[in-house]
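Numbering (full-length UniProt numbering), first residue to last: 1 to 636. Note that CB positions come from ideal geometry on N, CA and C, so glycine has one too. Since the model is a prediction, treat every value here as computed from it, not as a measurement.
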């Protein structure tokens, strides 16, 4: 039983200073998020709002362009609370489109151009999106029933006469769904205004400060990188499309733009720290005041490295979900966290959020006891668009606040004596892949779509140096078992890349437990990728191919790699690509951009790239320097 008189749940207590937002005053939950940006556009009209490369756009120019596009959206039939797609690469046009949709009264639906067209069609249909702001190069991705509008429009001095308020929709983000169908989280302006206001109170951006926008728009963290600095009159520096995968490119941008704030997932944070450790003098990060880690559990080992390498920068760990307006808690890490084990604390609630640790009967548990984490408050989304059953399962009445709602996160954790929360895991089949939420049931359902598959199970396993999805299937016909690679190819046409298993294992039957359910603990480790015979296998030849193959064997956990093997077919992904390029740099002392791994992912092709870089490098080197470079150096 809880101790008498001890407060076992709490509200965030930070108070927003009305002066933080200049004329806008203290943000009101009744105002639309875009109005905060428009208010500051009037105050900071001639200050730069966006910078991309050497091009700048002022707050006034951004506001006028968004007004113009908003009028076009209204003319196309967009009404308040309508869902409007946004399929534009990171650019001025993307930000213009984002603001224009809100000014027109709509809610934006981010669409990743890298998604399979079949998934884009499912998402736009499920969201009932009748219009989409789309770059010309991506127009063919849209289904025919969606009206396409280019992000370019004639500037206009005023927005349409639309009054989207706090309880209106601001966004619909689709997340992985356990039944095989992605779920659209419908969020309101009030929750997001509250989230941006908390960031301003905590980090105090000023006009002239710069925030780096690196997060893909289909992550809700991207909204924080955009709306918050624009509403504070600060400047947003846009990273080039695709460059968010490359820690060198991120560090170069932080240095070049003197960014004061960075949002990042722990796996990428670790990659950034690796690069800083290799060359501490390469980047001046003295302007970087705050780094926030979110999306995954933050290892205390990473905290220790951060405090050592960036002692003048504050590190924060946030926790939450799309269903609660991005984040709900924050913890600023210190030396005590570096001495802790496991994952860093997720801290205390942000303003307007209420967090409780409950048992199965929705009763508060004592300090130190693990329970289910629940959230209530202004940040809660409306629910899942068009899915009342899923909404009812996740959002229920709040037994502690009459008339309120309570969101069941599915996360497990416990409360410490100081009131902070430690996250300990999940109670279901949801996992995180590089910060992205994946319901294993959706991947299993996709595998079962094949007529050759009788049943499927998916696990998260450690393969090589990364956690990877592994799919297990049983054949519908024992005489005609499915082949793993065609199954993966079919999944790539249906699921986002991060949800496609790195390996697929075909079993005659699944091991079962006493209850007749699949015994996941007894599913075998995946065996070698290569076929039993050597038909079609070309061994690597030459120093560059052999070195690359050795790196991949270690990184990807595969027994052999051939000259014609593809990095992504073997289970590679963006963060493993960054580790690979780091090893190339250490082995050959050349800079292989991460984007090249995506453009030319085959061993032989990448060896050609490395050899070309080496040829250019050795032109100005002595014979002894060349021999030292090409000598027997560690592939690590």
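Distance between residue j and residue i (C-alpha atoms, nearest Å)
i: residue 340; j: residue 54; result: 44 Å
i: residue 181; j: residue 61; result: 40 Å
i: residue 329; j: residue 177; result: 24 Å
i: residue 26; j: residue 43; result: Here the model assigns residue 26 a pLDDT of 44, short of 50, so the residue's position is not dependable, and the following value carries that caveat. So the alpha carbons of these two residues sit roughly 16 Å apart.
i: residue 500; j: residue 291; result: 30 Å
i: residue 216; j: residue 88; result: 11 Å
i: residue 39; j: residue 236; result: 17 Å
i: residue 313; j: residue 589; result: 29 Å
i: residue 306; j: residue 315; result: 8 Å
i: residue 497; j: residue 241; result: 17 Å
i: residue 611; j: residue 156; result: 53 Å
i: residue 559; j: residue 377; result: 51 Å
i: residue 308; j: residue 408; result: 37 Å
i: residue 81; j: residue 67; result: 18 Å
i: residue 120; j: residue 221; result: 21 Å
i: residue 99; j: residue 41; result: 12 Å
i: residue 405; j: residue 174; result: 21 Å
i: residue 620; j: residue 614; result: 11 Å
i: residue 213; j: residue 519; result: 43 Å
i: residue 171; j: residue 617; result: 49 Å
i: residue 415; j: residue 372; result: 11 Å
i: residue 608; j: residue 282; result: 27 Å
i: residue 446; j: residue 440; result: 10 Å
i: residue 510; j: residue 437; result: 26 Å
i: residue 539; j: residue 545; result: 9 Å
i: residue 321; j: residue 597; result: 31 Å
i: residue 569; j: residue 489; result: 9 Å
i: residue 56; j: residue 280; result: 30 Å
i: residue 622; j: residue 551; result: 28 Å
Cβ separation of residue i and residue j, assumed to be a contact under 8 Å, to the nearest whole Å
i: residue 93; j: residue 151; result: 3 Å
i: residue 257; j: residue 285; result: Residue 257 to residue 285, Cβ: 11 Å. No contact.
i: residue 147; j: residue 131; result: 4 Å
i: residue 410; j: residue 325; result: Not a contact, Cβ separation roughly 17 Å.
i: residue 211; j: residue 234; result: 6 Å
i: residue 218; j: residue 110; result: 5 Å
i: residue 556; j: residue 571; result: 5 Å
i: residue 482; j: residue 506; result: 6 Å
i: residue 494; j: residue 118; result: 6 Å
i: residue 370; j: residue 413; result: 7 Å
Closest residue to residue i among the options (Cα-Cα distance)
i: residue 228; options: 258, 370 and 35; result: 35
i: residue 239; options: 248, 226 and 253; result: 253
i: residue 74; options: 620, 95, 107 and 44; result: 107
i: residue 577; options: 447, 476 and 243; result: 243
i: residue 462; options: 438, 433, 487 and 488; result: 433
i: residue 267; options: 444, 251, 247 and 584; result: 247
i: residue 63; options: 193, 110, 81 and 230; result: 230
i: residue 104; options: 372, 77, 492 and 333; result: 77
i: residue 271; options: 289, 245 and 508; result: 245
i: residue 338; options: 317, 542 and 456; result: 317
i: residue 525; options: 545, 547, 468 and 549; result: 468
i: residue 262; options: 249, 282, 289 and 446; result: 289
i: residue 83; options: 606, 90, 102 and 617; result: 102
i: residue 69; options: 486, 158 and 368; result: 158
i: residue 604; options: 582, 514, 573 and 548; result: 548
i: residue 162; options: 32, 134 and 65; result: 32
i: residue 584; options: 602, 600 and 606; result: 606
i: residue 642; options: 59, 189, 587 and 154; result: In the structure displayed, the chain extends from 1 to 636; residue 642 sits before or after that span and is not available.
i: residue 112; options: 97, 136 and 86; result: 86
Paired residues, beta bridge with residue i - DSSP
i: residue 316; result: 292 and 332
i: residue 430; result: 439
i: residue 364; result: 358
i: residue 405; result: 397
i: residue 212; result: 237
i: residue 44; result: BP columns for residue 44 are empty, so no partner.
i: residue 299; result: 343
i: residue 142; result: Residue 142 is not bridged to any residue.
i: residue 513; result: Note: residue 513 sits in no beta bridge, so no partner.
i: residue 503; result: 470
i: residue 171; result: 108 and 187
i: residue 375; result: 355 and 407
Residue i at chain B interface by Cβ criterion, 8 Å
i: residue 348; result: In the structure shown, chain B cannot be found, because there is only a single protein chain.
Tell me whether the segment 201-216 and the segment 358-378 touch, counting them as touching only if at least three CB pairs, one residue from each stretch, are closer than 8 Å. Fewer than three pairs of CB atoms, one per stretch, sit closer than 8 Å, so the segment 201-216 makes no contact with the segment 358-378.
Measuring CB atoms only, is the segment 140-150 touching the segment 114-129, in the sense that at least three cross pairs come out at less than 8 Å? By the Cβ criterion, the segment 140-150 is in contact with the segment 114-129, since at least three pairs of Cβ atoms, one from each stretch, lie closer than 8 Å.
Report yes or no: do three or more beta-carbon pairs, one from the segment 299-314 and one from the segment 380-395, lie closer than 8 Å? Taking a cut-off of 8 Å for Cβ pairs, the segment 299-314 and the segment 380-395 do not touch, as fewer than three such pairs fall below it.
Between the segment 561-581 and the segment 260-277, do at least 3 Cβ pairs fall closer than 8 Å? Touching, yes.
Any contact between the segment 552-566 and the segment 443-454? By contact I mean 3 or more CB pairs, one from each, below 8 Å. Fewer than three Cβ pairs drawn from the segment 552-566 and the segment 443-454 lie within less than 8 Å of each other, which leaves the two stretches out of contact.
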